[in-house]
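Each protein sequence line maps, in turn, to chains A and B.
Numbering follows the working numbering, with no gaps: position 16 of the first sequence is 525.
Numbering follows the working numbering, with no gaps: position 40 of the second sequence is 187.
Each residue gets a CB set at the ideal place from its N, CA and C atoms; glycine is no exception.
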Amino acid sequence: MTGKGFSRLTATAAVMPAANIDTDVIMPKQFLKGIDRAGLSRGLFHDLRFDAQGAPDPAFLLNRPGFEDCRILVVGPNFGCGSSREHAVWGLLQYGIRAIVGTGFAGIFADNAANNGLLLVSLEAEPHGRLAEHLAARHSPVTIDLEAPRIMVDDLVLPFDIDPRRRRAIMLGLDRIGETLAHADAIRAFQTGYLAGSPWLA
Amino acid sequence: MPSPRTLYDKIIDRHRVMPLNDVEGPGEQLLLYIDRTVLNEYTSPQAFSGLREAGRSVWRPEAALGVVDHVNSTAPDRTAAAPDEDAQRQIDYFARNGRDFGIEMYDVLHPRQGIEHVVLPELGWVVPGLVIAAGDSHTTTYGAFGSVGFGIGTSDIEHLLATQTLPYTRLKSMRVTIDGAVAPGVTAKDMIMAVIRAIGAAGAHGHALELAGDAVLALGVEGRMTICNMAVECGARVALIEPDEAVVDYLAGRAKAPAGSLLERARRSWASLRSDDGALFDRDVHIDAHDIAPMVTWGTSPDQALPIDGTIPDPAALPAAERRDAERAIAYMGLTPGMALEAVKIDRAFIGSCTNARLTDLRAAAEILKGRKVAPGVRAMISPGSSTVRREAEAEGLDTIFTAAGFEWRQSGCSLCLAMNDDVLAPGERCASSTNRNFEGRQGTGGRTHLMSPAMVAAAAVAGHLADVRRMPRP
Numbered sequence: 510m511t512g513k514g515f516s517r518l519t520a521t522a523a524v525m526p527a528a529n530i531d532t533d534v535i536m537p538k539q540f541l542k543g544i545d546r547a548g549l550s551r552g553l554f555h556d557l558r559f560d561a562q563g564a565p566d567p568a569f570l571l572n573r574p575g576f577e578d579c580r581i582l583v584v585g586p587n588f589g590c591g592s593s594r595e596h597a598v599w600g601l602l603q604y605g606i607r608a609i610v611g612t613g614f615a616g617i618f619a620d621n622a623a624n625n626g627l628l629l630v631s632l633e634a635e636p637h638g639r640l641a642e643h644l645a646a647r648h649s650p651v652t653i654d655l656e657a658p659r660i661m662v663d664d665l666v667l668p669f670d671i672d673p674r675r676r677r678a679i680m681l682g683l684d685r686i687g688e689t690l691a692h693a694d695a696i697r698a699f700q701t702g703y704l705a706g707s708p709w710l711a
Numbered sequence: 148m149p150s151p152r153t154l155y156d157k158i159i160d161r162h163r164v165m166p167l168n169d170v171e172g173p174g175e176q177l178l179l180y181i182d183r184t185v186l187n188e189y190t191s192p193q194a195f196s197g198l199r200e201a202g203r204s205v206w207r208p209e210a211a212l213g214v215v216d217h218v219n220s221t222a223p224d225r226t227a228a229a230p231d232e233d234a235q236r237q238i239d240y241f242a243r244n245g246r247d248f249g250i251e252m253y254d255v256l257h258p259r260q261g262i263e264h265v266v267l268p269e270l271g272w273v274v275p276g277l278v279i280a281a282g283d284s285h286t287t288t289y290g291a292f293g294s295v296g297f298g299i300g301t302s303d304i305e306h307l308l309a310t311q312t313l314p315y316t317r318l319k320s321m322r323v324t325i326d327g328a329v330a331p332g333v334t335a336k337d338m339i340m341a342v343i344r345a346i347g348a349a350g351a352h353g354h355a356l357e358l359a360g361d362a363v364l365a366l367g368v369e370g371r372m373t374i375c376n377m378a379v380e381c382g383a384r385v386a387l388i389e390p391d392e393a394v395v396d397y398l399a400g401r402a403k404a405p406a407g408s409l410l411e412r413a414r415r416s417w418a419s420l421r422s423d424d425g426a427l428f429d430r431d432v433h434i435d436a437h438d439i440a441p442m443v444t445w446g447t448s449p450d451q452a453l454p455i456d457g458t459i460p461d462p463a464a465l466p467a468a469e470r471r472d473a474e475r476a477i478a479y480m481g482l483t484p485g486m487a488l489e490a491v492k493i494d495r496a497f498i499g500s501c502t503n504a505r506l507t508d509l510r511a512a513a514e515i516l517k518g519r520k521v522a523p524g525v526r527a528m529i530s531p532g533s534s535t536v537r538r539e540a541e542a543e544g545l546d547t548i549f550t551a552a553g554f555e556w557r558q559s560g561c562s563l564c565l566a567m568n569d570d571v572l573a574p575g576e577r578c579a580s581s582t583n584r585n586f587e588g589r590q591g592t593g594g595r596t597h598l599m600s601p602a603m604v605a606a607a608a609v610a611g612h613l614a615d616v617r618r619m620p621r622p
């Protein structure tokens, strides 16, 4: 499931500054029992978003007035650590999140995001802090421009670096398996030589 | 003279099908050949559905093996029945995918069923120098054999099944050396928990982490698996220990391991699988083994850990960046700053998981439990890492020691490590656990997890509170 490609996004952003928000918290275990990708919007941050009776917890940021159309999260260090469950990324997208701005993301989570068209932006700690402080003071829409690439909110402009392959995939929504299978002959040739040299693996 | 290379770079070089950019070193993108994978019933279903929708087949079915482990019951009397309808649907779809795509699958009743990262090494299917990618973050375990193992999501499982490769970005290299020898009562689990505490939950982010030093190489292969398994909790995507004779000895006689002349040929190839003298690491960290004590976590992130003789930290005394997270963790855990860790009473004790449920782990717990009883009010259970471990433990009489002490002797599965089946903590329940993650809600919504070694879990179960295994010698 690749999200529709985009090169520019303007939306409400929510700041979740805690470090080490793990994929168990993003998508709790009770939502991992499907054989398809359906129904994961409800699971997003479930144990924080909903109380024991299943009612929205008004204290949770995404439940507060002004965040109904949140499409961007600004998060703390090591977001997405822990379990490999891609359900976390599927749930973020199904809820409507299109981009996450942090200082560094856990490796498997970052790969999962790339494979599904969820944009991750890594900023240095200083500009990240300025963005979070700005949003705490003024709840203004945030624009992410992938062409530049830069983040803009009011008069704040923050350039960022992004891997060219990942940027292209976000903008165009590519079929990664199809791209690799275009090299099937090279893979086959490599495999033949490799297994001949390591016959205990054949 | 070629420049000295790290073990990680040597293995990646051997598996490079083609470059995908023109960077050299970290950041190089390449198409990486994957030797083997293991599948489970909960992260793979959508990958197989994707193959079906695109009309694609599996590139090399014999390079994959499936094991049911996450959602199955661990009730002592094993049946094929899953704990609930959703779990049954995942198990049934898993079996169908094995049949349709030609992949060997171990179902719940298979005599070799168990937790994927316990089963693969047991079979002798993990040998030095491989690249193994699998849909579970603890795939780092295979670094114990000098193989690159890394976790992937479901989209990449589909990619791997369809192409036997993954587009890959070469990581930076980091080495943690643990010099010297550890004191009695200090285990592989304490060593990796001390590393995670020292460098933080994101301390090895973006790096392949090589673990080196006398204390690491003094461990048996099972202890090395514990270390590499849990290295993912400090952000390492890959963990590696150079393979030595202990690894070759471990492989001897295992069902899928090479033997005879093939083994001899393999050994000659494996001899070069070590970081060259003078190889440059992007980061180098040294830890003195003498400084490591039995560890427990007090918070909700694996780096929120302390030696057992410590006290719950005062957030006000912590660096500003850690303060708010520590306050939240202490509140969630129902603890008070300044409280002695050994005063923390427990409701549950759990020995299990791909981190710490192998035979040596069970032996260590049995040493503590022999002739002792679980404290009143504590529910204690053991879920062996595999059905094979369960049989081997029973052959040694360990099950008798556990049940006499008051532990439930259960079947194998991931069980209470992530509570996807019916092994779950009730809200507010506190568990001494030999597992790998103390995240909020990990073992059940509102559940409170303290991570520690299997021997420390046994000591806590007997004491009724977190306890120092060094002061609980063999009876």
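| For B:Gly457, the nearest candidate out of B:Asp224, B:Leu427, B:Met442 (CA to CA) | When only C-alpha atoms are compared, the closest one is B:Met442.
| said: So, at 6 Å on beta carbons, what are the nonlocal neighbours of B:Leu545 in its own chain, with the 5 sequence-adjacent residues on each side left out? | reply: Leu509, Ala513
| request: Spell out whether any CB of chain B is found under 8 Å from the CB atom of A:Phe699. | output: yes
| query | Buried or exposed: where does B:Val170 fall if 16 or more other Cβ atoms within 10 Å of its Cβ makes it buried? | reply | With fewer than 16 neighbouring CB atoms inside 10 Å of its own CB, B:Val170 falls in the exposed class.
| task | Give the DSSP-derived three-state secondary structure of B:Thr184 in the structure shown. | result | strand
| field | Coarse secondary structure for A:Ile696, derived from DSSP in three states | value | helix
| task | Return the chain-ordered list of same chain residues with a C-beta closer than 6 Å to the C-beta of B:Val604, the five sequence neighbours on each side being excluded. | result | Excluding sequence neighbours, B:Val604 sits near Ala496, Ile498, Ala579, Ser581.
| So, is the C-beta of B:Tyr155 closer than 8 Å to a C-beta in chain A? | no
| query | Does the region 343-359 of chain B come within contact of the region 426-433 of chain B, defined as at least 3 CB pairs closer than 8 Å? | reply | yes
| Interface flag, B:Ile388 vs chain A, CB-CB below 8 Å | No, no contact with chain A.
| query | Taking only beta-carbon atoms, is B:Phe586 less than 8 Å away from chain A? | reply | yes
| Nearest chain B C-beta to A:Gly512 closer than 8 Å, yes or no? | Confidence at A:Gly512 is low in this model, with a pLDDT of 48, below 50, so the placement of that residue is unreliable and no value is reported for it.
| Residue environment, A:Gly702, which counts as buried when at least 16 other CB atoms sit within 10 Å | exposed
| task | Return the CA-CA distance between B:Ile159 and B:Leu179, expressed in angstroms with no decimal places. | result | 7 Å
| request: Classify B:Ser117 as buried or exposed, calling it buried when 16 or more other Cβ atoms lie within 10 Å of its own Cβ. | output: Nothing can be reported for residue 117 of chain B, as the shown portion of chain B is limited to 148 through 622.
| Can the beta-carbon of A:Phe588 be found less than 8 Å from the beta-carbon of A:Phe559? | No, these two residues do not count as a Cβ contact at 8 Å.
| task | Rank A:Asp670, A:Ile686, A:Asp566 by C-alpha distance to the C-alpha of B:Thr312 and give the top, closest one. | result | A:Ile686
| message | Mapping the DSSP letters down to three states, classify A:Tyr703 as helix, strand or coil. | response | helix
| said: Any contact between the region 375-390 of chain B and the region 279-288 of chain B? By contact I mean 3 or more CB pairs, one from each, below 8 Å. | reply: In short, these stretches touch, since the Cβ pair count reaches three.
| request: Consider the Cβ of A:Asp663: report whether some Cβ of chain B lies at a distance smaller than 8 Å. | output: no
| So what does DSSP say about B:Ile493, is it helix, strand or coil? | Coil.
| request: Spell out a yes or no on whether the region 546-564 of chain B and the region 484-494 of chain B are touching, meaning 3 or more CB-CB pairs, one atom from each, closer than 8 Å. | output: Result no; under three Cβ-Cβ pairs closer than 8 Å.
| said: Assuming B:Thr535 is part of the alpha helix (DSSP H), what are its boundary residues? | reply: 534-543
| request: Starting from the Cα of A:Ala547, find the closest Cα among A:Phe699, A:Thr612, A:Leu640, A:Trp599 and give me that residue. | output: A:Trp599
| task | Anything in the region 533-555 of chain A with a Cβ closer than 8 Å to a Cβ of chain B? List those residues in chain order, please. | result | Those would be Asp533, Val534, Pro537, Lys538, Leu541, Lys542, Gly543, Ile544, Asp545, Arg546, in chain order.
| task | Determine the closest residue to B:Ala473 out of A:Phe515, A:Ser516, A:Ala527, A:Thr519, with distance taken between C-alpha atoms. | result | Checking every option, the nearest Cα to that of B:Ala473 belongs to A:Ala527.
| message | Pop quiz: B:Arg371 and B:Leu154 are said to be a contact at Cβ under 8 Å. What is the actual Cβ separation, rounded to whole angstroms? | response | Their Cβ separation, rounded to whole angstroms, is 14 Å, which puts B:Arg371 and B:Leu154 out of contact at 8 Å.
| query | What distance in whole Å lies between the Cβ atoms of B:Ser294 and B:Pro314, which are believed to be in contact at a cut-off of 8 Å? | reply | Taking the Cβ atoms as the reference, B:Pro314 lies roughly 20 Å from B:Ser294, outside the contact range of under 8 Å.
| query | So which residues on chain A does B:Gln237 lean against when the C-beta distance must stay under 7 Å? | reply | Lys542, Ile544
| message | Please tell me whether A:Ile606 has its Cβ less than 8 Å away from any Cβ of chain B. | response | no
| task | Identify the contact partners of B:Gly282 in chain A, using a Cβ-Cβ distance below 7 Å as the criterion. | result | Ser593
| message | Since B:Ile99 and B:Cys501 should fall inside the 8 Å C-beta cutoff, what is the C-beta to C-beta distance between them, to a whole number of angstroms? | response | This structure does not reach residue 99 of chain B, given that chain B is present from 148 up to 622, and the question cannot be answered.
| field | Which of helix, strand or coil DSSP assigns to B:Val363 | value | helix
| Distance, A:Glu656 Cα to B:Asn168 Cα | For B:Asn168 and A:Glu656, the distance between alpha carbons rounds to 20 Å.
| message | Give the list of continuous alpha helix (DSSP H) stretches no shorter than 4 residues that lie fully inside the region 254-324 of chain B. | response | 263-270, 301-310
| Minimum Cβ-Cβ distance from A:His692 to chain B less than 8 Å | yes
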